[in-house]
Amino acid sequence: MGDNEHSVPLPGTEWAVWEDAVLRTTGFPADGLTLFGAPECAAVADAFLENRASEADFTRALDTAIADAGHAALDVATDPLFREALTWQNLAAARNLARLAEPEPSRENGKTGKELRRARHKRRARENAVVRYWQRYCGKNDTIGFFGPVTWSTLDPEAATAVIARPGPGLVRSRQVSYEFWVLEAYVTTLLTDPDVAPWLPVGVHPHLAVQDGHLLQPGKDPIPLDDVEATVLSRCDGVRPAAEIAPDLRYAEALDRLVEGGVVWRGVNMPYNSRAERVLRDALTAIPEPRARERALAGLDRLDQARAAVAAAAGDADALADALDNLDAEFTAVTGAEPQRRDGQMYAGRRVCFEDTVRDLDISFGRPILEALSGPFGRVLLPAARWVSAALAEAYDDAFRTLYERLREPGADGVQMPVFWDAVQPLLTGQDRPADAVAAEFARRWNELVGLDTATPGERRLHLHSADLAEQAARLFAADRPGWAAARIHSPDLHICAPSVAALAAGEFSLVLGEMHTAWPTLDSAVFTDRHPDPDKLREAAATDIGPQFRPLYPTWWPQYTARIAPVLGATDHQLAFTAAPGADPGRVLPTATLTVTDHDGRLVATGPAGLHRPLREVFSLLFGWLGAEAFKRIGTGAHHPRITMDRLVVVRETWRTTVGGTGIAPKKGVVPEYLAARRLRASLGLPERVFAKVGTEIKPTYVDFSGPRYVSAFASMIRAARDSSGDDVPVTFTELLPGPEEAWLEDAQGRRYLSELRIQICDPERPGSPTGSPT
């Protein structure tokens, strides 16, 4: 074991690995990716482009491939598991794609030529949509529902075999159906319109505000004096007491109303913006002392719970599930008067009333061979490089903060009020020419020097390196003796294990692929993972031991790409930085930015605040700039082509190609024939393999493309055209080799079907942040 009970040693290094790791998996077998491939058609198309086959040969091959893809799309669209997965994800799309089961349009159905063309176009669009969903279900380790189940695994350095896997009889062991946070908010809003209930709901001061010396402190504004009644009301607004107790007479009630209208006070229930929200809501309503109000407050929630229970009971039957979801939507609207969806078309928006999370029916542990395969590349190269990134980021932002401080501090002032500094910092995090960009560029330069990329033969596709040969130079290039901030002790790589079977993996016949290096970022601290762990308190204790209290922004519900489902939940002692109105403030931990000041202490910038708070400024902002460390590894090799880099048994960088929407040559092409031929030309010109992941700059996630399959090509071409229409020809497009592929998917279910997977681990730095002596060189 490592120094802590929650970690194990990374062999031959001083670093420790959390013994608990997450295995993310697909819910559909990996060989499903091959379903829409058409290698025979691709061969004929290439021969046609090289004048080795006739146009008639190509047309016949393409027609056959399209017909085969149509039959495959129909099989997928009518598959019960696919229908259920799509029903969970997008009920409207599930109903639309179910129409593929209808008879194909023909003149015998009485359609005119124009109607026939329109009907066939709609059918092709539905087939393309099936392909888009199918590639995700078979090829992407998305942790959502039974089509992306998760399981916790353990790392055991005493185990001699690489893996011990015991799949259960089913795909998933447990299911949980939860409300989206906005649904609970909508219910509370409804309760506030009920005159019997509203007076008994809690009232609190918005977390970014504070009362001090008879004045109201607000970010970026002068303190506002309070009269005696307002001060008394605010002293009672603790987020627990209801309005009926806070304002027992008209004078206090009028003051409370003014404070609510002025955005000083909220009314409702202070639900945390994470998976605990539902429990907090029910507890708050159950605690209402007035019987009639309590009964009315719980009645609507009980009604929703009953409809949700029917949804959970319908899991496994697509038709029953669709009916149950419709009923839940109807109940939600009947109870709240609100529409049962929001932010239609946006990713990470929590669009529907509820969602499902699952645990895979699998017990699994990974042994010493996996840890030993990681020890060389990580211990000698990747972890020192990640530490350097964190130290370089901290130093870069220290310098930027100093410049900003000197500009903002007024003559004679002891410091800068944090709200002023907070607003001024934002461009350094999200604007142009961020300090993080310079760090990423310097990291890429040093990395290229380390691996010899600058001197590699142009067009070289494979670089095989040995970590032992790189160790000395890596230590020089990435010299930093400690991480840059507290959470920077933790690095979270995503690992893909390549092996043809569980038996082969257990026998040591495997290789590893680094998916993404989450530098200085504890990614296991996410409700979607933590809530599935058998002992979440163990994870909280591990986070407290390795990281300690952090300064965590209290995010509002409008914050982009952030939901209660993915919220961090391990930092039970973290300070909550309140910079705007937001849910979930803990009175014992919340720190309104209006109460903080940035000052210079012995040449270092610190944040000072109530109760003697005195912390380095970099720690206050570390979670806002720290996540940018992952971008440093993403920006390795930004040229048109980057070879695969293998270090010992670990593929550190997959082979990658970069072009633009205009450079693909696909955007102007419409119709199956020109699209397909353009895709074949693109593949040949860039030297792409048949199967890749493609990332279009306008999209959040990559998509799988098999250039041999006409349906895959059509779906990809639609994405390219959409990017061009919205943003022009210069939108970047990145292709990455498919590694592992279906033939290297080792994870098996009880029936022997094999699935792609991703192992997410957390590695802890033996050093803690300290003085600037840890600055990188």
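Note that full-length UniProt numbering numbers the sequence shown so that position 454 is 454, with each residue one more than the last.
No residue lacks a Cβ here, since even glycine has one placed at the ideal position from N, Cα and C.
### Message
For the beta strand (DSSP E) containing L650, name the first residue and the last one.
### Response
L650 to V653
### Query
My guess is that L217 and P223 are in contact by the Cβ rule of under 8 Å, so how many angstroms apart are they, rounded?
6 Å
### Query
Do the CB positions of A456 and P689 come within less than 8 Å of each other?
no
#### Entry: First and last residue of the uninterrupted alpha helix (DSSP H) at A73
E55 to A77
#### Entry: Euclidean distance between Cα positions of residue 861 and D329
It is not possible to answer for residue 861, since the shown part of the chain is limited to 1 through 777.
#### Entry: Assigned secondary structure, D238 (DSSP; H/G/I helix, E/B strand, else coil)
strand
### Query
Where does K634 sit, in a helix, a strand or coil, going by DSSP?
helix
### Query
Is it the case that the Cβ atoms of A736 and T656 are separated by a distance below 8 Å?
Position check: residue 736 holds Thr in this sequence, whereas Ala was assumed. In this structure, T656 lies closer than 8 Å to T736 by Cβ.
### Query
Using DSSP with H/G/I as helix, E/B as strand and the rest coil, what is K695?
strand
### Task
May I have the straight-line CA-CA distance separating R446 from F478, to the nearest angstrom?
8 Å
### Query
Where are the beta strand (DSSP E) runs, 3 residues long or more, that stay fully inside the region 244 to 322, in chain order?
265 to 267
### Task
Taking only the alpha-carbon atoms, compute the straight-line gap between H466 and G629 and give it to the nearest angstrom.
25 Å
### Task
Can you grab the Cα-Cα spacing for the pair A499 / A56, in whole Å?
42 Å
### Task
Might you give, ordered along the chain, the residues of its own chain that have their beta carbon closer than 6 Å to the beta carbon of F707, omitting 5 neighbours on each side?
A679, R683 and E690
### Message
If you reduce the DSSP assignment to three classes, tell me which class H642 lands in.
### Response
strand
### Task
Whole angstroms is fine: what's the gap from R351's alpha carbon to A527's?
18 Å
### Task
Would you tell me roughly how many angstroms separate the C-alpha atoms of P435 and A488, rounded to the nearest one?
17 Å
### Query
Per DSSP, what kind of secondary structure is E460 in: helix, strand or coil?
coil
### Query
In three-state terms, what does DSSP make of I224?
strand
### Task
Could you tell me whether the Cβ atoms of L623 and G584 are closer together than 8 Å?
no
### Task
Identify which residue in R615, A564 and F510 has its Cα closest to the Cα of D648.
F510
### Message
By the DSSP assignment, the alpha helix (DSSP H) with E516 in it spans what residues?
### Response
Careful: E516 lies outside any alpha helix (DSSP H), inside the beta strand (DSSP E) at S511 to H518.
### Pair within 8 Å by beta-carbon distance, T190 and T336
yes
### Message
Looking only at its chain, what residues have a beta carbon closer than 7 Å to the beta carbon of A244, apart from the 5 residues adjacent to it on each side?
### Response
P199 and W200
### Task
Between the Cα of R589 and those of D730, Q550 and P169, spot the shortest distance and give me the residue it belongs to.
Q550
### Message
Going residue by residue through the region 528 to 603, where are the continuous alpha helix (DSSP H) segments of at least 4 residues, counting only ones entirely within it?
### Response
536 to 546
### Task
Determine the closest residue to A92 out of P157, A129, R124 and A72, with distance taken between C-alpha atoms.
A129
### Message
Just list the residues that DSSP pairs G709 with in beta bridges.
### Response
Per DSSP, none; premise fails for G709.
### Task
Please look up how many angstroms separate the CB atoms of A30 and L739, rounded, as I've assumed it's under 8 Å.
The pair is not a contact, with the Cβ atoms about 13 Å apart (cut-off 8 Å).
### Task
Helix, strand or coil for F716, going by three-state DSSP, please let me know.
helix
### Query
Taking the DSSP output, what are the residues bridged to E758?
R24
### Message
Taking 7 Å as the cut-off, is the C-beta of G379 nearer than that to any heavy atom in the ligand FMN?
### Response
Annotation note on the ligand FMN: not contained in the displayed structure, which lists no ligands.
#### Entry: Backbone secondary structure at W152 - three-state DSSP
strand
### With 16 other Cβ atoms within 10 Å as the buried cut-off, status of N51
exposed
### Task
Would you mind working out which of I164, G379 and L250 sits nearest residue 796, comparing C-alpha positions?
Lying before the first or after the last residue shown, residue 796 is absent from the chain, which here runs from 1 to 777.
### Message
Can you find the residues in the same chain that come closer than 8 Å, C-beta to C-beta, to R409, ignoring five residues on each side of it along the sequence?
### Response
G415 and V416
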